[in-house]
Amino acid sequence: MTLEEMDALTTKLESTVNLRIDKICQSSLGKDFNQNQCAHYVSHVMGYDISKNASCKFLTYADSQNDSVEGATIRVDAIFNKLNARARSELSRNSCYSPGLIFVTQKRNIKPDKSMGNMPAKHIGVLVWPWVYHYSNTSNQVKKENVAHFMNTFERAYGGSGPVGFYYGEFL
């Protein structure tokens, strides 16, 4: 990623902080605040629309016919599994990382082939060290948090049923 591309991405991410998903996406999913929106948000910001089966554009016939709805992937595991296995790694708390994606899930959700399963306890954000931009489903808005705060939050949220893993992925 060039410096100009990184500046443009950071500007785009900053412009979304505190926004609700309905200000980012015009689909029916964007208006449903009872749904998990983290992958939906990341995909809109990053321009990821990797599967018609997991795209906000094709959830309803009306959305598929609406020109104002831009498609975006809505599943964390679909994005994680699209990454080349060499383009992702488990995060270490005491390391800095280049810009990329940050994933969190229970470690038991990572299969022996290193793909991610579809259990509910999973989340994604955009990592621009030392910040994570992600969609908080609890507060229904985009958050900008430092990495340590993000990790502590999700260890508490997902740790009740086993160890939590954090993973870094290069941008698609």
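At position 38 of the sequence shown the residue is numbered 38 (the UniProt record's numbering), and the sequence of numbers has no breaks.
Just so it is clear, CB atoms sit at the ideal spot from N, CA and C, and this is done for glycine as well.
A Cβ-Cβ contact shorter than 9 angstroms links H134 with V142.
In the three-state DSSP reduction, Q37 falls in the coil class, being neither helix nor strand. According to the DSSP secondary-structure assignment, I24 is paired through a beta bridge with no residue. In the DSSP assignment, F166 falls within the unbroken beta strand (DSSP E) covering 164 to 169.
A72 places its beta carbon less than 9 angstroms from that of C56. Of all alpha-carbon atoms in N109, Y61, S15, the one lying nearest the alpha-carbon of V45 is that of S15. Considered as a whole, the stretch 92 to 158 harbours 147 to 158 as its complete alpha helix (DSSP H) runs of no fewer than 4 residues, in chain order. Counting along the chain, the unbroken beta strand (DSSP E) around E90 starts and ends at 88 to 90. Distances from the alpha-carbon of A121 to those of N66, L29, Q26, V76 put V76 closest.
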